[in-house]
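K.L.:
Protein chains in written order, with this note's numbering: chain G, 61 to 158; chain B, 70 to 375.
After the structure tokens below, expect a handful of questions from me.
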Amino acid sequence: TETFVGHQVLRVTPQSDEELQKVQELQDLEHLQLDFWLAPRGLGLPVDIRVPFPSLQAVKAHLEASGVSYSIMIEDVQALLDVEQMEMLRSSRRLSLN
Amino acid sequence: TDTFNYEAYHTIDEIYSFMDMLVAENPNLVSKLEIGRSTENRPLYVLKFSTGGTNRPAIWIDTGIHSREWVTQASGVWFAKKIVQDHANNEGVASILETMDIFLEIVTNPDGFVFTHTKNRMWRKTRSKNSGSICVGVDPNRNWDAGFGDAGASGNPCTETYHGPYPNSEPEVKSIVDFVKSHGNIKAFVSIHSYSQLLLYPYGYTETPAPDEQELHELSAKAVAALTSLYGTKYKYGSIITTIYRASGSTVDWTYNQGIKYSFTFELRDTGRYGFLLPAKQIVPTAEETWLALKVIMEHARDHPY
Chain G
61 TETFVGHQVL
71 RVTPQSDEEL
81 QKVQELQDLE
91 HLQLDFWLAP
101 RGLGLPVDIR
111 VPFPSLQAVK
121 AHLEASGVSY
131 SIMIEDVQAL
141 LDVEQMEMLR
151 SSRRLSLN
Chain B
70 TDTFNYEAYH
80 TIDEIYSFMD
90 MLVAENPNLV
100 SKLEIGRSTE
110 NRPLYVLKFS
120 TGGTNRPAIW
130 IDTGIHSREW
140 VTQASGVWFA
150 KKIVQDHANN
160 EGVASILETM
170 DIFLEIVTNP
180 DGFVFTHTKN
190 RMWRKTRSKN
200 SGSICVGVDP
210 NRNWDAGFGD
220 AGASGNPCTE
230 TYHGPYPNSE
240 PEVKSIVDFV
250 KSHGNIKAFV
260 SIHSYSQLLL
270 YPYGYTETPA
280 PDEQELHELS
290 AKAVAALTSL
300 YGTKYKYGSI
310 ITTIYRASGS
320 TVDWTYNQGI
330 KYSFTFELRD
340 TGRYGFLLPA
350 KQIVPTAEET
360 WLALKVIMEH
370 ARDHPY
């Protein structure tokens, strides 16, 4: 099973054509293995990118160097998945008891 | 199905068991059709809700074509139970069922769904092999014969929006295509995705407005107002290409071109907190609010025969 330890989901909201272009450039950088949860759509519209841990520094540097601000939407994807898994287990146990 | 936990995510086996239970409990209303098999030979089940009659006008709803969008399959389960409850209590969609059938495909991409449970929670595509590539899967929402392969889809099998080698190459798509064509009387088609809180209508592959754009826009406004009335969840609406981006080969563009006027696609919650990892406690509120919008669309289809 693939784990997502240290993966973050970054939210970028491009405010200018230059910022939009910088975010779009990320889509072409295949080696970073980025997963665009929300792809670039236009100015003022959020772009959500799941960034594997090894690519975090490069992505943040790319954005910061271009003056593109971002927020961290999910700090650690695996932590959320662990919670989700735990809840499913709890639920199926309850189902068996029923 | 009264004791089923609708506030939790479930595996495909649990969902398929739920469907069997629902059919067993309501033999005069619900039946289960197998419309085909997936790439990995899993059955593609559709629940049919019908109070009788042959080849009545029908409404199609599908959830989970993108496998990682778990809130959609979970909402599909809730919708199924809700239809049965409304019928039993003679409220809500009961009046729709007097004249129309409802088809609901809860796990539209079963191979992908199983893969999200067993190997990779973030899997979105089908699980078909691509000759000449080590990358697996096709985006089933770019695999329809509507602007297939144009801008707004990728020809690279390693991308999330890979359109596949040819239209309907994915059995998950082909099965629906065959079903819709052979049925011939589907009047509304709603394909449900997550996330970003949108209600969209054709087109995605062209900037040319759909001939029925004005009616679809007005209907979207009504549906979104109903949705928002419950918990205040804010939705945007419009055509796919003007509201999000160019997307070729998408489901509802094809259904619209087949003459299904009321073709819509939803993007359910959330915006900016959890994405595809929406906590299970939000399943029921999401399904409840979506249901209000669905009801508006279904009632409109019933009241505006064409």
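Just so it is clear, CB atoms sit at the ideal spot from N, CA and C, and this is done for glycine as well.
Can you tell me where the alpha helix (DSSP H) with threonine 320/B in it begins and where it stops?
P.N.:
320-326 is the span of the alpha helix (DSSP H), which, as asked, contains threonine 320/B.
K.L.:
Would you kindly check if the distance between the Cβ of alanine 215/B and the Cβ of tyrosine 331/B is under 7 angstroms?
P.N.:
no
K.L.:
Which one of Lys101/B, Thr168/B, Arg125/B, Val153/B has the shortest CA to CA distance from glutamate 368/B?
P.N.:
Thr168/B
K.L.:
Do you know whose CA, among Glu284/B, Gln283/B, Tyr306/B, lies nearest alanine 294/B's CA?
P.N.:
Tyr306/B
K.L.:
Who does valine 69/G pair with in a DSSP beta bridge?
P.N.:
Arg110/G, Ile134/G
K.L.:
DSSP three-state label for histidine 156/B, please.
P.N.:
Helix, per DSSP.
K.L.:
Under a CB-based cut-off of 7 angstroms, is arginine 153/G close to chain B?
P.N.:
The beta-carbon of arginine 153/G is placed no less than 7 angstroms from the nearest beta-carbon of chain B.
K.L.:
Let me check understanding here. Comparing Cα to Cα, which of Asn158/B, Gly318/B, Val162/B, Leu173/B lies closest to alanine 143/B?
P.N.:
Nearest of Asn158/B, Gly318/B, Val162/B, Leu173/B to alanine 143/B, Cα basis: Leu173/B.
K.L.:
Rank Ser119/B, His135/B, Arg196/B by C-alpha distance to the C-alpha of alanine 157/B and give the top, closest one.
P.N.:
Alanine 157/B has its Cα closest to that of Ser119/B, out of Ser119/B, His135/B, Arg196/B.
K.L.:
Across the segment 198-209 of chain B and the segment 223-236 of chain B, are there enough close Cβ pairs to call them in contact, namely three or more that are closer than 8 angstroms?
P.N.:
yes
K.L.:
Given this structure, state the Cα-to-Cα distance separating leucine 123/G from tyrosine 78/B, to the nearest angstrom.
P.N.:
35 angstroms
K.L.:
Starting from glycine 105/B, trace the beta strand (DSSP E) in both directions and tell me its first and last residue.
P.N.:
Per DSSP, glycine 105/B is one residue of the beta strand (DSSP E) stretching across 99-106.
K.L.:
So with Cβ pairs under 7 angstroms, would you call glutamate 147/G a contact of chain B?
P.N.:
Taking a beta-carbon distance threshold of 7 angstroms, glutamate 147/G counts as an interface residue toward chain B.
K.L.:
Could you tell me whether the Cβ of tyrosine 253/B comes closer than 7 angstroms to any Cβ of chain G?
P.N.:
One point to set straight first is that residue 253/B is glycine, not tyrosine, in the sequence displayed. No, glycine 253/B does not count as interfacial toward chain G.
K.L.:
Got a sec: which bits of the segment 72-93 of chain G sit with their beta carbon under 7 angstroms from any beta carbon on chain B, in order along the chain?
P.N.:
none
K.L.:
Could one say the Cβ of aspartate 136/G lies closer than 7 angstroms to chain B's Cβ atoms, at least one of them?
P.N.:
no
K.L.:
With a 10 Å radius around its C-beta and 16 neighbouring C-beta atoms as the bar for buried, classify tyrosine 264/B as buried or exposed.
P.N.:
It counts as buried.
K.L.:
Which residues, in order along the segment 285-308 of chain B, keep a beta-carbon less than 8 angstroms from a beta-carbon of chain G?
P.N.:
none
K.L.:
Any C-beta of chain G sitting closer than 7 angstroms to the C-beta of lysine 188/B?
P.N.:
yes
K.L.:
Are any of the Cβ atoms in chain B nearer than 7 angstroms to that of aspartate 108/G?
P.N.:
yes
K.L.:
Less than 6 angstroms between C-beta atoms, sequence neighbours within five positions excluded: which residues of the same chain meet that for glutamate 79/G?
P.N.:
Val128
K.L.:
Using DSSP bridges, identify the partner residues of histidine 262/B.
P.N.:
Glu336/B
K.L.:
What's the gap between the Cα of leucine 70/G and the Cα of threonine 132/B?
P.N.:
26 angstroms
K.L.:
Along chain G, which residues have their Cβ under 7 angstroms away from the Cβ of isoleucine 134/B?
P.N.:
Near isoleucine 134/B there are no residues of chain G at all, since even the closest Cβ is about 16 angstroms away, more than 7 angstroms.
K.L.:
By the criterion of Cβ-Cβ separation under 9 angstroms, what are the contact partners of tyrosine 314/B in chain G?
P.N.:
Ala99, Pro100, Arg101, Gly102
K.L.:
Isoleucine 105/B versus chain G: which residues are under 8 angstroms apart at the beta carbon?
P.N.:
Residue identity differs from the one stated: residue 105/B is glycine in this sequence, not isoleucine. The contacting residues do not exist; glycine 105/B stays about 28 angstroms from chain G at best.
K.L.:
Could you check if proline 126/B belongs to the surroundings of the ligand ATP, using beta carbon to heavy atom distance under 6 angstroms?
P.N.:
Questions concerning the ligand ATP fall outside what the structure shown contains, since it holds no ligand whatsoever.
K.L.:
Among Thr277/B, Glu276/B, Leu337/B, Asp180/B, which has the Cα closest to the Cα of glutamate 358/B?
P.N.:
Checked all of Thr277/B, Glu276/B, Leu337/B, Asp180/B; the closest Cα to glutamate 358/B is Leu337/B.
K.L.:
Ignore the nearest five residues each way along the sequence and tell me which others in isoleucine 81/B's own chain have a CB closer than 8 angstroms to its CB.
P.N.:
Arg111, Val176, Pro179, Phe182, Val183, His186
K.L.:
With 7 angstroms set as the bound, which would you pick, yes or no: does the beta-carbon of asparagine 74/B sit closer than that to a beta-carbon of chain G?
P.N.:
yes
K.L.:
Run through chain G and tell me which residues come within less than 9 angstroms of arginine 342/B, C-beta to C-beta.
P.N.:
Met133, Ile134
K.L.:
Tell me, please, whether the segment 270-286 of chain B touches the segment 233-249 of chain B by the rule of three or more beta-carbon pairs shorter than 8 angstroms.
P.N.:
no
K.L.:
Going by beta-carbon coordinates alone, are arginine 101/G and tyrosine 272/B separated by less than 7 angstroms?
P.N.:
no
K.L.:
For valine 207/B, which three-state DSSP category applies?
P.N.:
coil
K.L.:
Just checking: is the beta-carbon of alanine 163/B within a distance shorter than 7 angstroms of some beta-carbon in chain G?
P.N.:
It does not; no Cβ of chain G falls within 7 angstroms.
K.L.:
Quick one, are the C-beta atoms of glutamate 241/B and threonine 195/B less than 7 angstroms apart?
P.N.:
yes
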